[in-house]
Amino acid sequence: MPTFATLQGRPVVRAALSLPLRGAWTARLLVDTDKPLEGAVTLATNEGAVRFEGWVARGGVAHGRLEALLVGGRGGLARRLPARSYRSIPARLVLQALLSEAGESLASTSEAELLDQQLPHWTRLEAPTSVNLDRLCTALGARWRVDRAGQVLVTRATASPASASRGERLEDAPSESSRFYALELLDLEPGTTFDGLAVCAVEHEIAPSRIRTRVWA
Numbered sequence: 004m005p006t007f008a009t010l011q012g013r014p015v016v017r018a019a020l021s022l023p024l025r026g027a028w029t030a031r032l033l034v035d036t037d038k039p040l041e042g043a044v045t046l047a048t049n050e051g052a053v054r055f056e057g058w059v060a061r062g063g064v065a066h067g068r069l070e071a072l073l074v075g076g077r078g079g080l081a082r083r084l085p086a087r088s089y090r091s092i093p094a095r096l097v098l099q100a101l102l103s104e105a106g107e108s109l110a111s112t113s114e115a116e117l118l119d120q121q122l123p124h125w126t127r128l129e130a131p132t133s134v135n136l137d138r139l140c141t142a143l144g145a146r147w148r149v150d151r152a153g154q155v156l157v158t159r160a161t162a163s164p165a166s167a168s169r170g171e172r173l174e175d176a177p178s179e180s181s182r183f184y185a186l187e188l189l190d191l192e193p194g195t196t197f198d199g200l201a202v203c204a205v206e207h208e209i210a211p212s213r214i215r216t217r218v219w220a
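Positions in the sequence shown are counted from 1; adding 3 to them yields the working numbering.
Have a look at this one:
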């Protein structure tokens, strides 16, 4: 039986990997191992060509196999941080302080023009990191998500760069604004264009005999 993905080198039996336009990606996995995993992990697909760096949010062994929920990043997005006030400061410094305290990191491909905006004043709430990321990006006219490397990527809300992903279209679901594909690589990202679609969300379904990808516009 082929192995389409591994988690820390252990074969993945089934998985549902969801990549939203905003926020952190998640993956629900059934792994062929009777050993629990904790903390930072790597989900590798396409024989290691496409990797997802995440954190085990929940997991346990049942019937000789590991069931796990992964969240993109390093586990700090749900961390509640203390309030803090700023005056006359670049948004980049506010964002970097927020992520550093949460144990997360900023993607180097984030748009510099957005992060160089000057904030006359800014108050960080006593709230989870993700809540303050939402607030800050809304103020900047931006959006954030966790990329495959497990880093926080900040881009324009209207950005839609072309994607290099390739695959075969299998089915259209117009009532749900989605399509099913068999992709060559699981590298399709939200916020890109693909097959004439502005991709808003992606879900990879990994099963013992195949991989299917659902794309929402």
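Glycine included, every Cβ here is placed at the ideal spot set by N, Cα and C.
| Check | Outcome |
| --- | --- |
| Where V202 falls: helix, strand or coil (DSSP) | coil |
| L63, buried or exposed, once every other Cβ within 10 Å from all chains shown has been counted against 16 | Just to set this straight, residue 63 is Gly in the shown sequence, not Leu. Exposed is the call here. |
| Residues of its chain near G106, where Cβ-Cβ distance is below 6 angstroms and the 5 sequence neighbours each way are ignored | R77, G79 |
| Three-state class that DSSP yields for E11 in the structure shown | Note on identity: in this sequence residue 11 is Gln, with Glu being the wrong assignment. In this structure, Q11 counts as coil in the three-state DSSP scheme. |
| Assigned secondary structure, A115 (DSSP; H/G/I helix, E/B strand, else coil) | helix |
| Segment contact flag, the region 49-61 with the region 165-179, C-beta cutoff 8 angstroms, min 3 pairs | no |
| Cβ shell of A110 (< 8 angstroms), same chain only, five flanking positions each side left out | D150, A152, Q154, V155, L156, V157 |
| Cα-Cα separation between I209 and E104, rounded to whole angstroms | 35 angstroms |
| Delimiting residues of the beta strand (DSSP E) encompassing S108 | Premise fails: S108 is in no beta strand (DSSP E) and is neither H nor E. |
| Residue-level contact to chain C via CB, R87, 8 angstroms cutoff | Looking for chain C here will not work: only one protein chain is present. |
| Span separating the alpha-carbon of K38 from that of L72 | 15 angstroms |
| Status (buried if at least 16 other CB within 10 Å, exposed otherwise) for H207 | buried |
| Pairwise C-alpha distance: A145 and Q121 | 14 angstroms |
| Three-state class that DSSP yields for A100 in the structure shown | helix |
| Residue burial classification, P193 (beta-carbon count within 10 angstroms, cutoff 16) | buried |
| Closest residue to V15 among F7, L22, S21 (Cα-Cα distance) | F7 |
| Buried/exposed call for L189, threshold 16 Cβ in 10 Å | buried |
| Rounded separation between L96 and R25 - CA only | 21 angstroms |
| L72: first and last residue of the uninterrupted beta strand (DSSP E) it sits in | 68-75 |
| CA nearest to the CA of R31, picked from N49, E50, F55, T141 | F55 |
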